[in-house]
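Since the structure comes first, as structure tokens, the remarks are kept for the end.
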Amino acid sequence: MGLLAVAAALCLLLPGTALDAVRPAVPLAASSAALVLGVLGFARAPPRERLWRGLLLPGLATILAGAIEWVLYDSGNIEGFSRQGPRAADVLHLAPLVLALFSLMSYPSRSATSTGDPGARPLDHDHRMRSSIIIILDSLLIVVSTLLIVWIVLLREVAASGVHGLTFTLGITHATAGSALVVAVILMWTFRRPRNGRAMALLTGGMGLTAVSEAAIVHVVVVGPTPVNQALIAWPGLTVGPLLIALAIVAPPCPRQGEERVHSARAAAALRWGHLYLPYLPFGVASALVVLPAARGDSLGGFTLQLAFVLAALVTIRQVITIAQNARLLTRIQAAQRSLHHQAHHDPLTGLANRALFTATLDRAVAEHREHGTPLALLYCDIDKFKPINDTFGHAAGDDLLRAVAGRLRGAVREQDLPARLGGDEFAVLLQDVDDPWATGQRTAERVAEAMDSSFMIHSRPCRVSVSVGVAVTDAAESAIDTSEDLLRRADQAMYSAKKHSRPPAASPVSSRALSPRRPPPPSGR
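The numbering of the sequence shown is my numbering, which starts it at 47 and goes up by one.
Next up, the structure:
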């Protein structure tokens with residue numbers, strides 16, 4: 047940018063005679079330095095990095111040849127050039143543009159949809175299909191937008207100038223090739239991730255300035271009466287553009303293939319947003335070129351109107367797809383949130399509620415009891431002699447037993463009850479919506495015991511397992527408990543009392559009740 051500013055300042059500040067002397071010399075010096083730097087950069091680059099650099103060297107050589115011809119013409123050493131006109135030899139100037147396109151195609155990069163992680167999960171077929179459709183639409187959006195810009199700025203005037211033959215052909219082909227180069231650069235930044243971003247940025251600036259300068263020269267040659275050596279708009283671009291391309295060639299490559307610059311999280315996010323909005327940059331310029339004349343009252347018609355309709359259709363289709371993507375993404379996010387919520391509140395081994403969910407629900411139930419006297423019952427269950435089983439058969443068998451016990455526990459309680467695994471071999475059940483909490487708790491404890499009567503299969507061997515159950519209740523007749531921990535502690539004490547006085551494992555567990563100090567506990571039922 048500094049070089050471009052200096053070149054533009056020279057154009058504006060130098061007097062006419064000095065400018066005529068400096069104008070041909072500066073592009074010659076710049077293009078000579080650019081070619082030397084390009085050759086040195088190509089020679090110093092590793093073999094795998096030479097292809098795209100080598101494809102740019104003919105373009106730098108062609109720019110140097112044009113600068114030499116410009117100096118000879120400006121000094122009067124070439125006769126018969128009152129105006130620079132197209133010649134058959136000018137067709138050779140198209141070759142560097144084509145080679146530059148191949149250089150961009152061979153530039154080391156990776157797909158924008160790739161994470162760069164070799165262990166990342168590959169995309170499924172549907173995702174690849176949607177990505178391909180989006181890439182095609184964005185590519186068409188870039189191509190049509192650029193074509194509309196070039197048509198309005200250059201080609202429309204060329205087509206209306208009445209020129210024909212070689213002049214018209216070269217004007218159209220140069221403009222088209224330059225536009226294709228700009229499109230290729232935008233596509234590269236949109237759908238690829240260059241391995242050497244600094245070199246790609248320099249290359250983008252150089253190609254952009256060169257393409258604009260070439261377009262200005264085409265306009266002067268085909269349409270305007272101004273001699274080409276007086277096309278001041280082309281002079282800064284042809285001076286700075288080749289130097290930027292040469293700096294891209296000499297920019298050091300990555301030390302190892304696949305090594306990429308690590309950005310901060312904020313810079314990476316900004317880069318992603320830039321890639322997303324890049325296809326709409328040429329669309330915005332094209333829209334301004336169409337809307338501003340229409341706002342002044344100029345009529346639109348012909349090829350301009352046709353391209354505008356095509357562009358509007360592409361943008362509409364792209365936005366419809368974007369809305370569908372957002373809806374699909376929102377659905378996936380909501381499903382992921384539900385899954386995370388379930389994982390955060392449920393035991394991963396048994397699928398029952400975990401301690402966090404159980405404690406939160408118990409807190410609300412106790413608060414409801416303290417405020418309105420709503421009765422509730424709490425069962426505290428513990429698998430008898432679980433540790434010997436776990437040590438004998440292994441932890442995998444112990445996990446299988448826990449899952450089986452959880453399944454039977456879930457089947458023994460009501461749908462509105464909340465069974466939970468508190469940790470290890472300890473389970474609990476919260477009973478709400480009960481009229482007689484003691485009777486409901488006792489019946490539920492008996493169903494739990496009966497559910498455990500059948501043998502469990504551990505490593506294809508039947509095993510009898512029993513559980514000890516303690517019951518703690520609250521009702522309106524009792525004094526209010528202070529916290530949910532009090533009720534949980536009462537149930538735990540009742541469970542240990544039942545375990546202490548239990549009969550052999552095959553027998554039903556003993557249930558007990560936690561009461562307020564004002565009322566003695568009833569018989570344990572042993």
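C-beta: ideal position from N, C-alpha, C; glycine also.
Between F88 and I295 the beta-carbon gap is near 6 angstroms, inside 8 angstroms, which marks them as a contact. Here DSSP, grouped into helix, strand and coil, assigns Y426 to strand.
With 16 or more other Cβ atoms inside 10 Å of its own Cβ, M541 counts as buried. Measuring C-alpha to C-alpha distances from L186 to each of F473, M503, P325 identifies P325 as the nearest. In the structure shown, the three-state DSSP call for E203 is helix.
The shortest CA-to-CA distance from L150 to any of L233, L86, D172, V412 is the one to L233. Per DSSP, E472 is one residue of the beta strand (DSSP E) stretching across 472-477. Under the 8 angstroms Cβ criterion, the segment 445-459 counts as touching the segment 472-479, having at least three qualifying pairs. Per DSSP, S157 is one residue of the beta strand (DSSP E) stretching across 155-157. L425 places its beta carbon less than 8 angstroms from that of A491.
Closest in alpha carbon position to I195, among I180, V228, R176, is V228. Under the DSSP assignment, S530 falls outside any beta strand (DSSP E), being part of the alpha helix (DSSP H) whose first and last residues are 530-546.
By the CB criterion at 8 angstroms, L74 and V190 fall outside the cutoff.
For P339, the enclosing alpha helix (DSSP H) covers residues 326-341. Pairing D528 with R416, the inter-Cα distance amounts to about 8 angstroms. Within the same chain, V190, L193, L194, W197 come within 7 angstroms of L353 by CB-CB distance, once the 5 residues on both sides are set aside. The secondary-structure analysis by DSSP pairs R467 across a beta bridge with F473.
Counting along the chain, the unbroken beta strand (DSSP E) around T520 starts and ends at 513-520. Here R239 is bridged, per DSSP, to R156. Residue environment: E95 is assigned as buried (16 or more neighbouring CB atoms within 10 Å of its CB, all protein chains considered). Of the other Cβ atoms in all chains shown, fewer than 16 fall within 10 Å of the Cβ of N372; this residue is therefore exposed.
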